[in-house]
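Reading through the structure tokens given below for one structure.
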Amino acid sequence: MKKLVLLPFLLLISYSSVNAYQAEELKLSLQELIDNAIEQDSTIPGILLHVEAPDLDLSYSISSGVSDLSTRAPLPENGTARVASNTKTYIAVSVLRLWEQGMLEPDDPISKHISRKHAQILKSDGYDLNKITIRHLLTHTAGLFDHAGSNTYIEKVFADPSHEWTRTEQVQGCVDWGDPLFEPGEQFSYSDTGYILLGEIIENVTEKSLGKAVRELIGFKKLGLNATWWEKTEQKPTASPERIHQYFQGMDTFNFDPSLDLYGGGGLVASAKDMSRFYQELFTGNVFEQSSTLDTMITKVNFPKGYTPSSDYRMGIFYFNFNEMDMYSHSGFWSTQATYIPELDASVSIIITQFAKGRLINRLLIETAGLLEDY
């Protein structure tokens, strides 16, 4: 009788041991993946990677390299970084939460919600603000020139990294450095300007700072996003480590003023773990009040011309398919990326501390997805 009672218990222990062994093997494979990436590219100071896969009982953060080239301090697994345009997903979600609360409509003209000053600036260049809607801003189909993509802006940022930019300066840059690209809804053209206007809309509708509004609308505390904050307007959470150093062609950008990318196109600092957790909670129904809101967010955008798979942008997020695997993803200027993979019910976030490593990030993502699929 004792043997019969012990048998299921022993089988359970054996199964748990096998699972633990497989999990450790996976972690070692992921570690080897990013270690090799640094060995093969000496320009990369460090890489952070986090996998959040509840169905596989996995929540891993790993790191390789250094946090600071001058001190050679090891890169901590829970390191935080400026995530730049990854912020756009949080902005889009916040706008859609305001829609759920009846505070605005996606098809509202932006003339209804932006300041008179910014409206006058945009109108002076021929933008019809009664035709441009919030939906157009969310999907980059407004025809707005991208101030952040202008060579003039980039030159100004690097000429004076300590300059404190205002949103108004950046809206003015949209007008001074370029012209309207097309009629609203006609095409896709990525524009940070559209998202700094969305940031303004969130502030105006909520009558709160952008950081506080986004934190409350998404529910950072409820989701356990304890290493995510809006730079400059919020204090770093006590438990969060210091921000890591991020590099542009060898130049340390740690002390660049955050206002260069602060008003909705970027602005958040986060750990890889927090980015993965946010994506996981978003896509598993724990952020929006109604599942139909997420459906709206990820519905394919239709416009008459200019569509390519690389421009399959939904609301604050890209969609792509690799090896018959759907992926919802966003990246940031400083080589950051967060991705949700429905087939695996897993989220993967990667931070590389050297600019312009998008191809490497994509390769690491695909290889990580393959390891998870085989797990």
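Numbering (the working numbering), first residue to last: 50 to 424. Don't be surprised by glycine CBs; every beta carbon is placed ideally from N, CA and C.
With 16 other CB atoms within 10 Å as the buried threshold, where does residue i fall?
| i | result |
| --- | --- |
| L60 | Because L60 sits at a pLDDT of 46, beneath the cut-off of 50, its placement in the model cannot be relied upon, and the following sentence gives the value as read from the coordinates. Classification of L60: exposed, given that the 10 Å Cβ count is below 16. |
| G365 | buried |
| R412 | exposed |
| K270 | exposed |
| Y90 | Here residue 90 is Asp; the residue named in the question, Tyr, does not match the sequence. Exposed is the call here. |
| E291 | exposed |
| S63 | Because the pLDDT of S63 is 44, which lies under 50, any placement of that residue in the model is unreliable, and the question is left without a value. |
| E373 | exposed |
| G304 | Per the sequence shown, the amino acid found at residue 304 is Asn instead of Gly. That one is exposed. |
| L77 | exposed |
| H212 | exposed |
| A8 | This structure gives no information on residue 8, because the portion of the chain shown stretches from 50 to 424. |
| K406 | buried |
| R184 | buried |
| F371 | exposed |
| V67 | Legend: pLDDT at V67 = 49, less than 50; position of this residue unreliable, no value from coordinates given. |
| T215 | exposed |
| S119 | exposed |
| M324 | buried |
| A141 | buried |
| R121 | exposed |
| A69 | exposed |
| S359 | exposed |
| I111 | buried |
| S240 | buried |
| L421 | buried |
| E88 | exposed |
| K27 | The question about residue 27 has no answer, for the chain in this structure spans 50 to 424. |
| D106 | exposed |
| Q298 | exposed |
| S308 | buried |
| S340 | exposed |
List the endpoints of the continuous beta strand (DSSP E) containing residue i.
| i | result |
| --- | --- |
| Q219 | Looking at the DSSP string, Q219 is not in any beta strand (DSSP E); the run it does join, the alpha helix (DSSP H), is 216 to 225. |
| V397 | 395 to 401 |
| R131 | 129 to 131 |
| S422 | A small correction: the amino acid at residue 422 is Glu; Ser does not occupy that position in the sequence shown. Counting along the chain, E422 falls outside any beta strand (DSSP E), though it belongs to the alpha helix (DSSP H) covering 407 to 423. |
| L107 | 107 to 117 |
What first and last residue would you give for the alpha helix (DSSP H) that runs through residue i?
| i | result |
| --- | --- |
| T188 | 183 to 188 |
| A191 | Where A191 is concerned, there is no enclosing alpha helix (DSSP H), given that its DSSP letter is neither H nor E. |
| E101 | Note, E101: premise wrong, no alpha helix (DSSP H); beta strand (DSSP E) at 95 to 102. |
| F446 | The structure shown does not extend to residue 446, since the chain is modelled only from 50 through 424, so no value can be given for it. |
| F404 | Looking at the DSSP string, F404 is not in any alpha helix (DSSP H), and its letter there is neither H nor E. |
| A208 | 200 to 208 |
Contact check, residue i vs residue j under 8 Å by CB: the rounded distance?
| i | j | result |
| --- | --- | --- |
| Y312 | I347 | With 8 Å as the limit, Y312 and I347 do not qualify as a contact, their Cβ atoms being about 25 Å apart. |
| A86 | L409 | 6 Å |
| L272 | E338 | The Cβ separation is near 14 Å, so there is no contact. |
| Y296 | S396 | So it is not a contact: roughly 26 Å between Cβ atoms. |
| T388 | I400 | About 13 Å; that fails the 8 Å criterion. |
| Y26 | I293 | Any question about residue 26 goes unanswered here, given that the chain covers just 50 to 424. |
| G314 | K166 | That pair is no contact at about 19 Å. |
| S143 | A262 | 7 Å |
| E81 | R326 | No, E81 and R326 are not in contact; Cβ-Cβ is about 24 Å, not under 8 Å. |
| V115 | P125 | The pair is not a contact, with the Cβ atoms about 10 Å apart (cut-off 8 Å). |
| H379 | F367 | 6 Å |
| Q150 | Y424 | That belief does not hold up - the Cβ atoms of Q150 and Y424 are roughly 40 Å apart, past 8 Å. |
| D394 | P103 | 7 Å |
| G260 | T282 | 4 Å |
- request: Jot down the residue ranges of each uninterrupted alpha helix (DSSP H) in the segment 310 to 386, minimum 4 residues, whole runs only, in chain order.
  value: 321 to 332, 340 to 346, all fully within the segment 310 to 386.
- prompt: Unbroken alpha helix (DSSP H) runs of length 4 or more, entirely within the segment 240 to 292: which are they?
  reply: If we require 4 residues or more, the alpha helix (DSSP H) runs fully inside the segment 240 to 292 come out as 241 to 255, 259 to 267, 269 to 272.
query: Any chance the segment 207 to 227 sits against the segment 149 to 162, with 3 or more Cβ pairs inside 8 Å?
result: By the C-beta criterion, the segment 207 to 227 is judged not to be in contact with the segment 149 to 162, since fewer than 3 inter-stretch pairs fall below 8 Å.
message: Any contact between the segment 302 to 320 and the segment 122 to 141? By contact I mean 3 or more CB pairs, one from each, below 8 Å.
response: The answer is yes - the segment 122 to 141 touches the segment 302 to 320, with three or more Cβ pairs under 8 Å.
- request: For the segment 221 to 233 and the segment 165 to 173, state whether three or more C-beta atom pairs, one from each stretch, are separated by less than 8 Å.
  value: Result yes; three or more Cβ-Cβ pairs closer than 8 Å.
query: At a cut of 8 Å, does the segment 279 to 290 reach the segment 91 to 101 through at least three beta carbon pairs?
result: No, they do not touch.
message: Three or more C-beta pairs under 8 Å: does that hold for the segment 234 to 241 against the segment 181 to 192?
response: Flag = yes, the segment 234 to 241 and the segment 181 to 192 touch.
- prompt: Could you give the uninterrupted runs of the alpha helix (DSSP H) lying entirely in the segment 143 to 183, keeping only those of 4 residues or more?
  reply: If one requires a minimum length of 4 residues, the alpha helix (DSSP H) runs lying completely within the segment 143 to 183 are 165 to 172, in chain order.
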